[in-house]
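First comes the structure, then the notes that go with it.
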Amino acid sequence: MNDTIETFQAELLTCTKCALAATRHHVILGEGPYNAPIFIIGEAPGYEEDLHGRPFIGPSGQLLDKMLDACGFNRQEHVFISNIVRCRPPGNRPPTPQEAAICLPWLQTQIELVNPKILILLGSTALRYMAGPGYRISQTRGTWRTCQNRLTMPIYHPSALLRNPALKRLTWEDLKSIVYTYRQLVNPSHTSAYIP
Ligand code: URA
Ligand code: SF4
24 MNDTIETFQA ELLTCTKCAL AATRHHVILG EGPYNAPIFI IGEAPGYEED
74 LHGRPFIGPS GQLLDKMLDA CGFNRQEHVF ISNIVRCRPP GNRPPTPQEA
124 AICLPWLQTQ IELVNPKILI LLGSTALRYM AGPGYRISQT RGTWRTCQNR
174 LTMPIYHPSA LLRNPALKRL TWEDLKSIVY TYRQLVNPSH TSAYIP
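Residue numbering for the sequence shown follows my numbering, starting at 24 and increasing by one per position.
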């Protein structure tokens with residue numbers, strides 16, 4: 024890990040810029056290789072994440088891992104995973120606009136450090152705070168746009184798929200589009216068992 028990344032992480036670990044610092048157990052740094060071609064943005068750490076200090080390790084994270092696996096992607100090699108805020112909001116409520124705004128510079132710096140080819144926004148909170156408040160996930164999912172000057176696709180959050188499995192079919196179409204674009208931009212010979 025280079026000095027810039029180490030300094031970034033050390034500063035982030037002691038951040039107390041917003042009120043969420045008071046109730047957290049861990050600051051969730053984000054996880055993955057700092058040269059990952061894909062950067063995934065969730066909402067906020069939940070109970071399991073706050074307890075163990077890693078992003079997406081609860082039920083949503085397990086589904087996310089399955090979704091990535093179906094695309095031939097994994098966290099070790101292809102994706103960096105982060106969130107709109109890095110500390111757990113009490114009771115798993117969504118972050119407030121103020122908390123999101125205060126935490127956003129950390130995310131922006133992290134995106135610059137990783138320098139991904141593709142951004143994936145998971146669910147309405149990531150969509151709202153990355154693209155703007157006027158967007159709806161049901162209308163924008165599966166469409167490519169530009170956020171932070173990067174090619175970006177919003178898709179449903181895995182927690183929405185757990186609540187409403189009927190959304191999985193649409194999400195599979197979105198994941199296929201991501202794999203096709205990955206082959207165009209990153210690796211033409213990328214293989215996935217389920218996507219010819
Ligand atoms: N849900 C999120 O949005 N992020 C996590 O890290 C875990 C669950
Ligand atoms: Fe800092 Fe973000 Fe945690 Fe707030 S949520 S204390 S801004 S790291």
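In this text, a Cβ means the ideal position worked out from N, Cα and C, and glycines have one as well.
With contact counted as at least three CB pairs below 8 Å, one residue from each stretch, are the segment 32-51 and the segment 120-132 in contact? Short answer: they touch.
Distance, Q162 Cα to Q99 Cα: In this structure, the CA atom of Q99 is about 31 Å from the CA atom of Q162.
Alpha carbon to alpha carbon, how far is R164 from V102? Give it in angstroms, no decimals. Straight-line Cα distance between these residues: approximately 19 Å.
Taking the alpha-carbon of D73 as reference, which of D88, N115 and D197 has the nearest alpha-carbon? In terms of CA proximity to D73, N115 leads the group D88, N115 and D197.
Taking C-alpha atoms, which residue in L91, V209, P113 and C41 lies nearest to Y70? Answer by Cα proximity: P113.
Would you kindly check if the distance between the Cβ of P188 and the Cβ of L223 is under 9 Å? Outside the modelled stretch of the chain, which goes from 24 to 219, sits residue 223, for which no answer is possible.
Beta-carbon separation of L184 and P60 under 9 Å? The answer is no: Cβ separation not under 9 Å.
In the DSSP assignment, what residue or residues form a beta bridge with M176? In the DSSP output, where bridge partners are listed per residue, M176 has I143.
Please specify which runs of the alpha helix (DSSP H), each continuous and at least 4 residues long, are wholly inside the segment 32-120, giving them in chain order. Entirely contained in the segment 32-120, the alpha helix (DSSP H) runs reaching 4 residues are, in chain order, 70-75 and 82-93.
So the alpha helix (DSSP H) R192 belongs to, where does it begin and stop? Segment K191 to L208, the alpha helix (DSSP H) holding R192.
Helix, strand or coil at T214 [DSSP, three-state]: Three-state result, T214: coil.
For the candidate residues N210, T30, P156 and M24, whose alpha-carbon lies nearest to that of Y57? Closest option to Y57, Cα to Cα, is M24.
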